[in-house]
Amino acid sequence: MAQETQVSIIIPTYNESQNIRQILKSIGEHIPKNVLTEAIVVDDNSPDGTGKIVEDYWKSIKGFTNYTINVIHRKAKEGLSSAVLNGIQHARGDTIVVMDSDFSHPPSLIPKMIESIKSQYDLVVASRYTKGGGIQGWSIKRKIMSKVATKIAKSGLGVDAQDPMSGFFAFRKNIINGLKFDTKGYKMLLEILVKRRGVKIHEIPYTFIDREFGSSKLGTLTILNYLRDVWKLYRFGKPEKVNEKRASVKFLSKAARFFTVGASGLAVNFIASLLFASGPSELWYLHANMIGIALSMTSNFVLNKAWTFGDRDFGLKRTAAQYGKFVAFSSFGALVQLGMVFYLVDSNGLSYPIALVLAVITAAFSNFILNKRWTFREKVWA
Ligand code: GDD
Ligand code: MN
């Protein structure tokens, strides 16, 4: 009687020749006897031959009736999340377990995780940060980075789990039906937690033991990538809400932001001009004022781009082109302001303060419209 595979264990590997055989063996010894399990190793063409080792190992072992081992050979190193996703695509089990191959994730925890999924939970997280869990062998620096990342996820994204960055977790495969993952990221669990709120979660404590062999693949770039991923997740589900707002509300709120930024620019200009004209640098006051103007134009530009117009694409070419237009329109605004003051005071006999207020408002408003339409390429009334 052919049994159906029930559990698929996904194991991403890159240069794990010193660990992979032992971990596959250990997993085989720990999985429950009555559960048909497949291990899926997803190897990114490891230079140390990890993929081949798995093939040979699978051919050499006998005696398991409930355990099979498959390898997916990928052409190049494409990252952790994408490897895991690839493994899931090939998985035949209805329960998925994801774990590292370097013994940081103890295979002895697998039965408990499978049991929890069977009983009632949709998602089980092996957790370092619940009572009874811990970390062994990490430097203070890495511990702090992990804590900070966890804190950001919990308060910034409002996820429930205590260890949303865990790389050791299990879930019912159907909870990710229709879910679009960001293959570039490596925080797969976090993505599930954010995009599938409301699934039943259980956390099981364990002690993460840093690897004995080989080295970690998560470098400094990981931190930057992580911040990008959190930002994307933070925006998840939000764009629709913005679009629902009426055009008038959007127009007014953007105008309000633009003017707020303008006011902040005045402050920057004022403070910088004074600072550079005094103290150790002590520049000629006109030079100091030029620096003040340049700084405030730049801060205005960055704030308007990111905040007022919500344009977070800081690609070099695009940003430089926008900056050029922004500066051009601002200079044009200054001319409008000068011309108006002159005209109002000189030909219409208005008092200088009133003329100034009118001119500033007009110039700011024309700046807003011009930049909205031409620098940031939005419809005017939206
Ligand atoms: N196929 C593939 N491709 N596998 C990869 C890649 C890749 O680009 N990068 C890493 N791996 C594999 C490693 O071979 C290992 O089995 C597993 O993914 C985890 O990589 P490590 O380099 O050992 O990560 P770590 O120990 O620093 O980080 C672990 O702990 C973190 C907890 O803070 C991982 O589990 C992280 O996901 C987890 O967030
Ligand atoms: Mn590791």
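So the sequence shown is residues 3 to 384, counted in our numbering.
All residues carry an ideal CB built from backbone N, CA and C; glycine is no exception.
For Ser10, the enclosing beta strand (DSSP E) has its first and last residue at 9-15. At the C-beta level, Phe170 and His92 stay beyond 8 Å of one another.
When DSSP states are grouped into helix, strand and coil, Gln138 belongs to the strand group. Scanning the stretch 8-58 for uninterrupted alpha helix (DSSP H) segments of 4 residues or longer gives 22-32, listed from N- to C-terminal end. When secondary structure is reduced to three states using DSSP, Arg248 falls in the coil class, being assigned neither helix nor strand. The Cβ atoms of Lys202 and Tyr131 lie no closer than 8 Å to each other. With a cut-off of 8 Å on Cβ pairs, the stretch 266-278 is not in contact with the stretch 249-256, counting fewer than three such pairs.
No heavy atom of the ligand MN is found nearer than 7 Å to the CB of Asp165. Relative to the ligand MN, the beta carbon of Asp104 is positioned inside 7 Å of a heavy atom.
Relative to Leu191, the option among Glu284, Ser84, Phe278, Phe272 whose CA is nearest is Ser84. Proximity of the stretch 41-56 to the stretch 7-20 meets the contact definition, three or more beta-carbon pairs being nearer than 8 Å. When the alpha-carbon of Phe378 is set against those of Ile71, Met342, Gly312, Ser19, the nearest one is in Gly312. Within the same chain, and ignoring the five residues on either side of Ala274 in sequence, the residues whose Cβ sits closer than 8 Å to its Cβ are Ala290, Ile293, Gly294, Leu297, Ser298.
Contact between the stretch 16-32 and the stretch 101-121 is present: three or more C-beta pairs spanning the two stretches fall below 8 Å.
The shortest CA-to-CA distance from Ile22 to any of Gly95, Val37, Ser103 is the one to Ser103. Counting the other Cβ atoms within 10 Å of the Cβ of Ala357 gives 16 or more, which makes it buried. Phe334 and Phe328 have their C-alpha atoms roughly 10 Å apart. The three-state secondary structure of Glu117, taken from DSSP, is helix.
Looking from the CA of Val338, the closest CA among Thr224, Ile119, Val150, Ala361 belongs to Ala361. Minimum Cα-Cα distance from Arg237 among the listed residues Ile206, Leu285, Val196 corresponds to Val196. Rounded to the nearest angstrom, the gap between the Cα atoms of Gln164 and Phe331 is 49 Å.
Around the Cβ of Ile90, a 10 Å sphere holds 16 or more other Cβ atoms; the residue is buried. If you look at His204, you'll find it in the beta strand (DSSP E) that goes 203-207. By the CB criterion at 8 Å, Ser129 and Pro207 fall inside the cutoff. Nearest in C-alpha terms to Thr39, of all of Gly158, Gly139, Asn72, is Asn72. In chain order, Ile137 place their CB closer than 8 Å to the CB of Lys145, counting only its own chain and leaving out the 5 sequence neighbours on each side.
Judged by DSSP secondary structure, Val73 falls within the beta strand (DSSP E) whose first and last residues are 69-75.
Comparing alpha-carbon positions, the option among Ala78, His75, Tyr69 lying closest to Gly95 turns out to be Tyr69. In the structure shown, Ser129 falls within a strand segment according to DSSP collapsed to helix, strand and coil. Annotation: the continuous alpha helix (DSSP H) that includes Arg230 extends over 223-237.
Relative to Phe260, the option among Phe367, Lys79, Ile177 whose CA is nearest is Phe367.
Placement of the Cβ of Arg144 at a distance of 7 Å or more from every heavy atom of the ligand MN is found. Taking 8 Å as the cut-off, the beta carbon of Thr97 is found closer than this to the beta carbon of Gln8.
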